[in-house]
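Colleague: The letter at position 7 of the sequence shown is residue 5 when you use this note's numbering, and the numbering goes up by one with no holes. Where a beta carbon is used, it is the ideal one built from N, C-alpha and C, also for glycine.
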Amino acid sequence: IASCLVGSEMCIRDSGCTEQEETPAKPADNTSVEPADNTSTESAESTPAEPAESTPTEPAETPIPELEPISADAITGIKWQWASFQDSDSPENQIMVPDPESYTLAFSPDGTYHIKADCNSGSGTYTLEGNDLTLGPAAITLMACGPESMDGEYLSLLPSVGSVALENGQLVLYPGNEGDKMFFTNGGQAEQ
C-alpha cells in the first residue's frame, strides 16, 4: 500500500485511506494498521501506535494565479482557436494543437457558447462572473474524427473549466483546479 499521509491521515491495509482526528480507531476485522510514518505495523488486536503529532494543515493553494476580472464583452463575438495546452505537472512542456482552426470556441452575448471539435460541433450555455466561467453541458455531434484528432481531449477539458483570463491577447481557460491552462488565439469574428 502506498503511503496516504496527508495531515493526520493514515492508511488501513485493504481499505484505502481514512481521515483520523485523534487516535486511530481499531478496525472491526483483523486487518493491520500502518502508522503514517510507516515505521511499524500493529495488528488490530494490539494498541495502535500514537499518531505522529500533526499540525492543522492549510488547504492546498491552487496554482491558478490571481486573475483580473473580465467582462463578457471582452470575449464574445470572437472565434477563439485552441492553440495549446499546458499541463500543471510539467509546465515547461506545452502541447501545441496541430490544427487550431479545427478546435474553436465562441461566446455569444445571449449566454450561449458554440464549439467546434474537429469533425464535431455543438453548443451550450455559459455563465461568467468576474473571471469565474462555467460552461454548461453541450449538445454536440458524436462523430468519430480519426486517430490523429484531439477532439476527445478538447471535449473532456471544456466541462471542467472554472476560470478564464485574457493574457497578451489570448483567451486562457483553466480546467479544474490543478493549474492546467488551455490557450486560445483570436481567429477573427465569430459567425452568429
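Alpha carbon to alpha carbon, what distance is there between Pro173 and Pro54?
Modeller: Reliability of the predicted coordinates at Pro54 is poor, the pLDDT of 45 falling under 50, and the value obtained from them is presented with this limitation in mind. So the alpha carbons of these two residues sit roughly 28 Å apart.
Colleague: Does the beta-carbon of Met180 have 16 or more other beta-carbons within 10 angstroms, so that it is buried, or is it exposed?
Modeller: With 16 or more Cβ atoms within 10 Å of its Cβ, Met180 is classed as buried.
Colleague: With DSSP as the reference, please indicate the residues paired to Asp196 in a beta bridge.
Modeller: Since the first residue shown for the chain is -1 and the last is 190, residue 196 is missing from the structure and cannot be characterised.
Colleague: Under 8 Å Cβ to Cβ from Val170, same chain only, skipping five residues before and after it: list those, please.
Modeller: Excluding sequence neighbours, Val170 sits near Val162, Ala163, Leu164, Lys179, Met180, Phe181, Phe182.
Colleague: Under 8 Å between the Cβ atoms of Trp80 and Tyr101?
Modeller: Yes, the Cβ-Cβ distance between Trp80 and Tyr101 is below 8 Å.
Colleague: Quick check on DSSP: helix, strand or coil for Ala137?
Modeller: Here Ala137 sits in strand by DSSP.
Colleague: Specify the secondary structure class of Asp97 as computed by DSSP and reduced to three states.
Modeller: It is coil, neither helix nor strand.
Colleague: Is the beta carbon of Ile93 sitting closer than 8 Å to the one on Ser82?
Modeller: Cβ distance < 8 Å, so Ile93 and Ser82 count as in contact.
Colleague: How should Ser88 be labelled, buried or exposed, when 16 other C-beta atoms within 10 angstroms of its C-beta is the threshold for buried?
Modeller: So Ser88 counts as exposed.
Colleague: For Pro173, which beta-bridge partners are listed by DSSP?
Modeller: Its beta-bridge partners are Val159.
Colleague: Which residue's Cα is closest to the Cα of Ser147: Asp108, Lys114, Gln168?
Modeller: The shortest Cα separation from Ser147 among Asp108, Lys114, Gln168 belongs to Lys114.
Colleague: So, for Asp85: in the same chain, excluding its five sequence neighbours on each side, which residues have a beta-carbon less than 8 Å away from its beta-carbon?
Modeller: For Asp85, where only same-chain residues beyond five positions count, the Cβ hits under 8 Å are Asn91, Ile93, Asp178.
Colleague: How many angstroms separate the CA atom of Thr132 from the CA atom of Tyr124?
Modeller: Going from the Cα of Thr132 to the Cα of Tyr124 covers about 5 Å.
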